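K.L.:
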Amino acid sequence: MSGVAQWQVRAAACELLALGLRYPGEELAEAVSSGEWVEAAHEIWCALGIVLPDDWAQDVQDADVHVLRVEATRLFVGVPEPACSPYEGYWRAIDDGVQPLMFVNPRSMAVERFCKACGLGQPKGTNEPLDHIATEFELLQYLAALEAGIAQPLEGCPPVENFPEGGAGAAYSAFMHDHVLAFAPRFASLLEKKTRLPLYRAMARLLASFLAQSG
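As structure tokens, then:
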């Protein structure tokens, strides 16, 4: 596979993971119910050279958006705590032996600085920390798409040569190793253990296999 094609496939994989890990909407529910999500995942992971177990998507069928939202809330929001926090800052704070705090912890702030250096920030009207795993994969998708030449820099974005490490592909690799790989493998493992839905179990397996190849 050529370098450009490899970056295209990485962008597609990151897009699929971001879709599955953000708060579920009708788009995800329809893609799962139609079989499109499983089919796309299988095609993309095959292109990556990753062999998935035959039962990786077992029982992933109809997906009611309300059922997905209930499970996503239990897993990722939780009362009083989420079953599986999706925030890098939470995991890294535990590593550092300090109390996890949204936004103001140094790990979350480092992610925000990295995103801004790539021309990305919080969408207007939202207050979601940028170290949410879905948002981190949206950043990786953007960087991979730029490196593949299938996306253009956003308006007002710094020149790509001014991105961290001097380019989109280099920024992708740096962010993957310095941020995503520092917590996401553990997140994937806990997600597979804690979820009650086949879809999120399949999501965890896809994520774990993608990260294992990226390490």
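Counting in the numbering used here, the sequence shown runs from 17 upward without gaps.
Where a beta carbon is used, it is the ideal one built from N, C-alpha and C, also for glycine.
For clarity, every value in this text was computed on a predicted model and none was experimentally measured.
1. Within the same chain, show all residues whose beta-carbon is closer than 8 Å to that of Gln-138, passing over the 5 residues directly before and after it, in chain order.
2. Is the beta carbon of Cys-134 closer than 8 Å to that of Leu-155?
3. Output the distance between the C-alpha atoms of Ala-161 and Glu-52, rounded to the nearest integer angstrom.
4. Give every residue of the same chain whose Cβ lies closer than 7 Å to the Cβ of Ala-187, excluding the five residues on either side of it in the sequence, and list them in chain order.
5. Along the chain, where does the alpha helix (DSSP H) containing Glu-208 start, and where does it finish?
6. What does the Cβ neighbour count give for Arg-129, buried or exposed, with the cut at 16 atoms within 10 Å?
7. Would you kindly work out how many angstroms separate the C-alpha atoms of Val-25 and Cys-62, rounded to a whole number?
8. Counting only the same chain and skipping the five closest in sequence on each side, list residues whose C-beta sits under 7 Å from that of Arg-38.
9. Measure the C-alpha to C-alpha separation of Tyr-106 and Arg-123 and round it to an integer number of angstroms.
P.N.:
Once the coordinates are examined:
1. Non-local C-beta neighbours of Gln-138 in its own chain, meaning closer than 8 Å and more than five positions away in sequence, comprise Glu-144 and Leu-146, ordered along the chain.
2. Their beta carbons are under 8 Å apart, which means Leu-155 touches Cys-134 by this criterion.
3. Glu-52 has its alpha-carbon roughly 21 Å from the corresponding atom of Ala-161.
4. Annotation for Ala-187: Cys-134, Leu-159, Phe-179, Pro-180 and Glu-181 place their beta carbon closer than 7 Å to its own, counting only its chain and skipping 5 residues before and after.
5. That run of the alpha helix (DSSP H) goes 197-210.
6. Result: exposed.
7. Separation of Val-25 and Cys-62 (C-alpha to C-alpha, rounded to the nearest whole angstrom) is 10 Å.
8. For Arg-38, where only same-chain residues beyond five positions count, the Cβ hits under 7 Å are Ala-150.
9. Roughly 9 Å separates the two Cα atoms.
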